Amino acid sequence: MGVMMAWPSSTILLFKSENTTLHRPMGDAEVSLFGSLPAIGSLIANPIAGVVLDRMGRKRTVMLTSMMFVLAWSIIAMTSQVEVVLTAMFVGGLGFAIFLETTIYISEISQDSIRGTMTAGPMQFYGFGILVSYFLGGYLTYLHMVYACLTMAVVGVLLLAVLKESPLTLMANGREEDAAKSIAFYRSKKTTSKEVVQELDKLRRIFSSNTEENSPSTQREFVVIMILKVAFVFQGLPVVQVYAEPLFAEAVPSDVISPNLCSLLMGVVVIIAGSIAAYLTDVVGRRPLLIYSSIAAGFCCIVLGTQILTEWGPKWTIPMFIYIFTAFYTFGAGTVPVVVLAEVFLPEVKSIMSMLAVEWAWILNFLILFVFNLLVTSVGLPPVFYFFSFVCFSTALFFFFFLPETKGLPVYAIQELFTNK
Numbered sequence: 001m002g003v004m005m006a007w008p009s010s011t012i013l014l015f016k017s018e019n020t021t022l023h024r025p026m027g028d029a030e031v032s033l034f035g036s037l038p039a040i041g042s043l044i045a046n047p048i049a050g051v052v053l054d055r056m057g058r059k060r061t062v063m064l065t066s067m068m069f070v071l072a073w074s075i076i077a078m079t080s081q082v083e084v085v086l087t088a089m090f091v092g093g094l095g096f097a098i099f100l101e102t103t104i105y106i107s108e109i110s111q112d113s114i115r116g117t118m119t120a121g122p123m124q125f126y127g128f129g130i131l132v133s134y135f136l137g138g139y140l141t142y143l144h145m146v147y148a149c150l151t152m153a154v155v156g157v158l159l160l161a162v163l164k165e166s167p168l169t170l171m172a173n174g175r176e177e178d179a180a181k182s183i184a185f186y187r188s189k190k191t192t193s194k195e196v197v198q199e200l201d202k203l204r205r206i207f208s209s210n211t212e213e214n215s216p217s218t219q220r221e222f223v224v225i226m227i228l229k230v231a232f233v234f235q236g237l238p239v240v241q242v243y244a245e246p247l248f249a250e251a252v253p254s255d256v257i258s259p260n261l262c263s264l265l266m267g268v269v270v271i272i273a274g275s276i277a278a279y280l281t282d283v284v285g286r287r288p289l290l291i292y293s294s295i296a297a298g299f300c301c302i303v304l305g306t307q308i309l310t311e312w313g314p315k316w317t318i319p320m321f322i323y324i325f326t327a328f329y330t331f332g333a334g335t336v337p338v339v340v341l342a343e344v345f346l347p348e349v350k351s352i353m354s355m356l357a358v359e360w361a362w363i364l365n366f367l368i369l370f371v372f373n374l375l376v377t378s379v380g381l382p383p384v385f386y387f388f389s390f391v392c393f394s395t396a397l398f399f400f401f402f403l404p405e406t407k408g409l410p411v412y413a414i415q416e417l418f419t420n421k
């Protein structure tokens with residue numbers, strides 16, 4: 001997913017030039033479609049995934065979605081037609097639903113004690129995929145990069161084939177014996193082992209719970225998840241990533257270090273910080289990590305806004321604080337919402353609620369990127385950073401009062417927390 005998302009960055013200039021590998025250069029409208037069609041495909045695919053996950057099961061749905069990447073790269077490898085390449089980008093966007101699917105899948109096969117670390121994994125590998133795309137785009141020819149991406153997509157589908165279905169899904173379909181085998185597979189234990197028996201007992205308790213699908217706890221969870229997604233988008237990193245290269249170009253002379261390399265380093269910061277955050281979610285907990293990181297990110301936004309406005313310090317303070325802000329954002333709003341979304345909902349509503357939350361995040365992402373340039377033109381960049389700081393502080397306050405700690409808890413215990421909150 002990360003590879004395809006970042007692929008346009010290494011090919012747009014080629015596709016627009018007279019030396020393009022396509023049958024003709026892309027126009028401005030086609031370039032815009034080239035970058036936005038994956039997002040449109042994702043908006044369409046996520047609602048479908050929310051339904052198919054429960055009907056086909058987690059494993060088969062993830063494999064089917066992964067095939068969209070194989071199909072997209074196959075089309076790109078076999079064509080030079082602009083229109084066909086754009087169609088392939090849309091098909092690849094259908095595969096972006098895999099982020100929703102894998103988060104749910106991983107949360108259901110993970111032990112409670114490491115669930116936070118495991119469910120944060122897709123976000124880190126998404127960032128790693130972006131870095132891989134940048135690297136391949138810089139060192140391989142166009143076709144060699146396409147073949148490399150196609151190979152990775154095929155290998156991904158083959159690796160998924162050796163996995164077993166989620167034990168929770170099997171239990172929901174009355175296949176308790178298969179659920180025991182699935183648990184034994186993921187725990188490297190025998191089906192008669194004490195650990196497997198305890199896991200099965202937890203699953204039975206989940207499905208024997210008297211909590212209604214539309215209970216007060218489910219409603220409160222949904223509200224908290226929606227606010228988590230607001231923090232995920234409006235604390236500002238998606239916009240900072242878009243605007244980073246011009247900021248770096250202004251702050252650091254290109255003969256010292258290129259703006260592109262500065263942006264690449266920011267991607268490295270995201271991966272390192274995300275890996276640390278994935279570990280910390282199961283050590284210090286979701287709630288304190290999110291609250292304190294949001295406060296720290298808010299202060300970084302204030303510093304960036306005042307530096308851009310008054311230039312109180314040397315220009316290298318801009319990239320330095322962008323990196324610091326990126327790290328704190330990733331510790332909190334960039335990681336915790338993904339983890340909490342995967343663990344709070346009952347099995348009966350998990351797919352549909354997760355789908356709604358991801359769709360909400362895509363809509364917010366579109367809105368902030370659409371409005372951002374208009375805001376910068378009308379009021380300048382510093383007030384925008386002040387707005388991000390306001391969101392950081394206000395969401396931290398909200399989570400202090402309304403987000404319970406869910407570290408290491410089974411889903412039925414989490415329902416009780418939200419019922420009493």
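Position one of the sequence shown corresponds to residue 1 (the UniProt record's numbering), numbered consecutively onward. We put the beta carbon where it would ideally sit given N, CA and C, even for glycine. Note that the coordinates shown come from a computational prediction; the quantities given were computed from them, not determined experimentally.
Rounded C-alpha distance that separates residue i from residue j
| i | j | result |
| --- | --- | --- |
| K16 | G41 | 23 Å |
| A120 | E18 | 43 Å |
| V303 | F321 | 8 Å |
| P307 | F325 | Checking the sequence, you will find Gln at residue 307 rather than Pro. Approximately 14 Å between the Cα atoms of the pair. |
| L403 | A327 | 22 Å |
| residue 429 | A153 | In the structure as shown, the chain starts at 1 and stops at 421, and residue 429 therefore has no counterpart that could be examined. |
| A297 | T406 | 23 Å |
| G61 | G285 | Just to set this straight, residue 61 is Thr in the shown sequence, not Gly. Spanning the two alpha carbons is a distance of roughly 31 Å. |
| F399 | F393 | 10 Å |
| F345 | V376 | 38 Å |
| G95 | V340 | 23 Å |
| L261 | V52 | 41 Å |
| Q111 | T395 | 29 Å |
| Y147 | T21 | 15 Å |
| R24 | S80 | 9 Å |
| V349 | S215 | 11 Å |
| K181 | I48 | 29 Å |
| F128 | G2 | 7 Å |
| F248 | L163 | 43 Å |
| A333 | L228 | 7 Å |
| F90 | L367 | 20 Å |
| P382 | V230 | 21 Å |
| L64 | G93 | 13 Å |
| N365 | T218 | 25 Å |
| G236 | F387 | 9 Å |
| V358 | V391 | 19 Å |
| L43 | L33 | 15 Å |
| D28 | L150 | 27 Å |
| T419 | V155 | 44 Å |
| G174 | R204 | 11 Å |
| L264 | T330 | 16 Å |
| K315 | F372 | 23 Å |
| L14 | A72 | 19 Å |
| I206 | V240 | 41 Å |
| P122 | T310 | 39 Å |
| V85 | M4 | 12 Å |
CB contact below 7 Å: residue i versus chain D
| i | result |
| --- | --- |
| T406 | Looking for chain D here will not work: only one protein chain is present. |
Integer-rounded CB distance, given that residue j should sit under 8 Å from residue i
| i | j | result |
| --- | --- | --- |
| Y105 | S166 | 6 Å |
| T11 | Y142 | 7 Å |
| E108 | L168 | 4 Å |
| M145 | L131 | Their Cβ separation, rounded to whole angstroms, is 14 Å, which puts M145 and L131 out of contact at 8 Å. |
| A6 | N46 | Wrong, their Cβ atoms sit about 20 Å apart, outside the cutoff. |
| D54 | S351 | 5 Å |
| G305 | Q124 | G305 to Q124, Cβ: 29 Å. No contact. |
| T103 | A342 | 5 Å |
| Y323 | V269 | 5 Å |
Where residue i falls, given that 16 or more other Cβ within 10 Å makes a residue buried
| i | result |
| --- | --- |
| S354 | buried |
| F232 | buried |
| residue 423 | Beyond the ends of the chain as shown, which are 1 and 421, falls residue 423; an answer cannot be given. |
| T192 | exposed |
| L374 | exposed |
| S378 | exposed |
| F370 | exposed |
| W312 | exposed |
| F234 | buried |
| F385 | buried |
| residue 423 | This structure gives no information on residue 423, because the portion of the chain shown stretches from 1 to 421. |
| Q198 | exposed |
| G267 | buried |
| S389 | buried |
| K59 | buried |
| V223 | exposed |
Residue i CB to nearest heavy atom of the ligand ATP below 6 Å
| i | result |
| --- | --- |
| I104 | Summarising the ligand content, the structure contains no ligands, and the ligand ATP is consequently not present. |
Check whether the region 146-160 and the region 283-294 touch, using three or more Cβ-Cβ pairs below 8 Å as the test. no
Using 8 Å as the Cβ pair cut-off and three pairs as the minimum, do the region 114-128 and the region 267-280 touch? yes
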